[in-house]
Amino acid sequence: MSKAEIRFDGQVYEMPVFEGTENEKAIEIKTLRSVSGLVTLDPGYKNTGATTSAITFLDGEKGILRYRGYPIEQLAEKSTFLEVAYLLIYGDLPSKQKYEEFTQNIREHTLVHEDFKTILDGFPSAAHPMGVLSSMVTALTAFYPEALDPNRSWESVDMGIIRMMAKLPTFAAWAHKNAKGHPVIYPDNRLDYCSNFLKMMFALPSEDYEADPVVSAALEKLLILHADHEQNCSTSTVRIVGSSQASLASSISAGISALWGPLHGGANQAVIEMLEAIKNDGGDTKKYLNKAKDKDDTFRLMGFGHRVYKNFDPRAKIIKKAADSVLLKLGVNDPILEIAKGLEEAALEDPYFVEKKLYPNVDFYSGIIYRALGIPTNMFTVMFALGRLPGWIAQWKEMRENNEPIGRPRQIYTGANERDYVDVNAR
Ligand code: SDX
């Protein structure tokens, strides 16, 4: 193992350099504070590895993304969302028998306790579906208290994983029905994962509903593309909440809340709102590019830029292609797709975006497809959560299997030095 030297205050401290299977290297600083009294400082963890992981590899410079070694392009083209979920969670592509067991188990657990409708009824229609989703997930702990035991068997954890994978689509669709003020639609175990979700989303009690295979296939691809993305904000949240031995449901609920932010998963909703604003403002993309470059303007080009990708986000490439074909197949002509393409073209020629290596990310085109599928804007981040669920589960499981310590970062204090209390009458 190679070493790094840290020179400080006349001392030299040797630290081992850890190398991963894709030749990434990290200075292991586990002993840094004990030998030198130093800690590192890295707001946003831009240069800090929180863990080692065998789940997802991405190379931001080369635009590479692989789940358990399989390129995202191949999985998006050839696999199914539940097969990718199994791959992420259990480490390998399942045998035919294992796959059938896994999918059948999920089908048989999509129904939720009737009392969840009482919880749902407590939310006004104006409630954002992401808030409903994270609340319903936390409420699972009330119905399956055995899942609170951090020392439960791995068989019991697997049951919890099946329940989470099976019930999240039901919660998501019910959150949508609550926002519409419509009665909920119960899961139909005769259907595959995506068709069942679409039926719960769009069916009405008075009519038969059959999901359009084009819509179902597009949804399958989008869910695969969102399934995991190594140590992003929401996944790091799931890991650190889980590191306190909090339950899977509590950790996933926290991940949903972290994903909600407009800088993270909330960006797909913010992109559509931005494109709508540009359209309503006469389609003046130049004006919005200038706003995004203006230091005094808080406006950002939503769906652009990425902490890791300093090249094209491979997912954005696939989604952009899919957007064209899905809208064509569905006969949808959405003017904001052209605005998005015009914005992308202008940004990729603009020195500001080129110098800062700001490219379209996964959120830039995904909302256009969701819209074409009939999914309302306030449900876009819920769709992201549906897709990211197997990644969150896989990362939580890996952290627990590796017995990782509770996450507790250090800080550097910059507040007042010691001072004595002064009575209020003397202040
Ligand atoms: C996701 O991490 C993941 O893997 C996340 C994700 C996943 O799958 O889990 O890929 C999903 O969250 C995608 C990102 C979705 N968010 C957005 O589209 C929101 C818009 N983009 C950003 O706000 C920003 O690019 C981030 C949050 C994505 C990344 O921010 P960083 O890495 O902290 O970079 P930064 O904010 O420090 O920006 C670096 C520079 C800054 O300028 P300077 O201070 O150096 O002068 O680039 C500028 C920023 O002002 N910049 C932008 C910009 N993004 C960055 N300027 C205009 N528009 C933008 N979108």
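Read left to right, the sequence shown gives residues 1 to 427 (this note's numbering).
We put the CB at the ideal spot given by N, CA and C, even for glycine.
Quick check on GLN444: buried or exposed, where buried means 16 or more other Cβ atoms within 10 Å of its Cβ? In the structure as shown, the chain starts at 1 and stops at 427, and residue 444 therefore has no counterpart that could be examined.
Cβ pair PRO314, ILE64 closer than 8 Å: As a working note, residue 314 is residue 314 in the sequence shown. As a working note, residue 64 is residue 64 in the sequence shown. Against a cut-off of 8 Å, the Cβ pair of ILE64 and PRO314 comes out as a contact.
Would the beta-carbon of ASN47 be found less than 7 Å away from any heavy atom of ligand 1? Numbered from its first residue, the sequence shown carries residue 47 at position 47. Result no, Cβ not under 7 Å from ligand 1.
For ALA211, which of GLU398, LEU191, PRO169 has the nearest alpha-carbon? Counting from one through the sequence shown, the residue named residue 211 turns up at place 211. Considering only alpha carbons, the answer is LEU191.
Sorry if obvious, but does the Cβ on ASP297 come closer than 7 Å to a heavy atom of ligand 1? For the purposes of this step, residue 297 is taken as the residue at position 297 of the sequence shown. Answer for ASP297: no, Cβ out of range of ligand 1.
Reducing DSSP to helix, strand and coil, say where THR56 ends up. As a first step, residue 56 is located in the sequence shown; it is residue number 56 there, counting from the start. In the structure shown, THR56 sits in a strand (DSSP, three-state: E or B).
Span of the beta strand (DSSP E) holding ILE89? Stepping through the sequence shown from its first residue, residue 89 is reached at position 89. Element bounds for ILE89: not the beta strand (DSSP E) but the alpha helix (DSSP H), 81–90.
Relative to ligand 1, is the shortest distance from any of its heavy atoms to the C-beta of ALA292 smaller than 7 Å? The residue labelled residue 292 in the question sits at position 292 within the sequence shown. Checking every heavy atom of ligand 1 against the Cβ of ALA292, one is found closer than 7 Å.
Is the closest heavy atom of ligand 1 to the C-beta of PHE304 under 7 Å? Your numbering for residue 304 matches position 304 in the sequence shown. Yes.
Taking only the alpha-carbon atoms, compute the straight-line gap between ALA436 and ALA292 and give it to the nearest angstrom. Residue 436 lies beyond the stretch modelled for the chain, which goes from 1 to 427, so this question has no answer here.
Pick helix, strand or coil for LEU168, following the three-state DSSP scheme. For the purposes of this step, residue 168 is taken as residue 168 along the sequence shown, with counting starting at 1. LEU168 falls in the helix class under three-state DSSP.
With DSSP as the reference, label VAL424 as helix, strand or coil. Start at 1 with the first residue of the sequence shown, and residue 424 comes out as number 424. Helix, per DSSP.
Given the structure, does HIS229 come close to ligand 1, in the sense that its CB is under 7 Å from one of the ligand's heavy atoms? To locate residue 229, count along the sequence shown from 1; it is residue 229. Flag set: Cβ of HIS229 near ligand 1.
Given this structure, state the Cα-to-Cα distance separating SER250 from PRO94, to the nearest angstrom. Counted from its first residue, the sequence shown places residue 250 at position 250. Counted from its first residue, the sequence shown places residue 94 at position 94. Cα-Cα distance, rounded: 28 Å.
For LYS505, which residues does DSSP report across the bridge? Missing from the structure shown is residue 505; the chain here goes from 1 to 427 and no further.
Rounding to the nearest angstrom, what Cα-Cα distance links TYR352 and LYS287 in this structure? Taking the sequence shown and counting its residues from 1, the one referred to as residue 352 is at position 352. Taking the sequence shown and counting its residues from 1, the one referred to as residue 287 is at position 287. Straight-line Cα distance between these residues: approximately 14 Å.
Taking its Cβ as the centre, do 16 or more other Cβ atoms sit within 10 Å of ASP268, making it buried, or is it exposed? For this step, residue 268 is matched to residue 268 along the sequence shown. Checking the displayed sequence, the identity of residue 268 turns out to be Asn instead of Asp. The residue is buried, with at least 16 neighbouring Cβ atoms inside 10 Å.
How close, in whole Å, do the beta carbons of ALA147 and LEU248 come, if the pair is a contact with beta carbons under 8 Å? On the sequence shown, position 147 is the one that residue 147 refers to. On the sequence shown, position 248 is the one that residue 248 refers to. The Cβ separation is near 6 Å, so the contact holds.
For a test of your reading of the model: does the CB of LEU301 fall under 7 Å from any non-hydrogen atom of ligand 1? Yes or no. Translated into positions along the sequence shown, residue 301 becomes position 301. Flag set: Cβ of LEU301 near ligand 1.
Can you tell me which of THR48, ARG7, ARG68 puts its alpha carbon nearest to the alpha carbon of VAL35? Locating residue 35 in the sequence shown gives position 35, where the first residue counts as 1. The option with the nearest alpha carbon to VAL35 is ARG7.
Here's the rule: buried if 16 or more other CB atoms are within 10 angstroms of the residue's CB, otherwise exposed. What is TYR421? Within the sequence shown, the letter at position 421 stands for residue 421. TYR421 comes out exposed.
How about GLU361: is its Cβ closer than 7 Å to a heavy atom in ligand 1? Stepping through the sequence shown from its first residue, residue 361 is reached at position 361. At residue 361 the sequence reads Asn, which differs from the Glu that was named. Answer for ASN361: yes, Cβ within range of ligand 1.
Would you call the region 84–99 and the region 392–400 touching, i.e. three or more CB-CB distances under 8 Å? yes
Determine, using beta-carbon pairs with one atom in the region 61–79 and one in the region 368–383, whether at least three such pairs fall under 8 Å. no
Looking at chain C, is there any beta carbon in it that lies within less than 8 Å of the beta carbon of SER36? In the structure shown, chain C cannot be found, because there is only a single protein chain.
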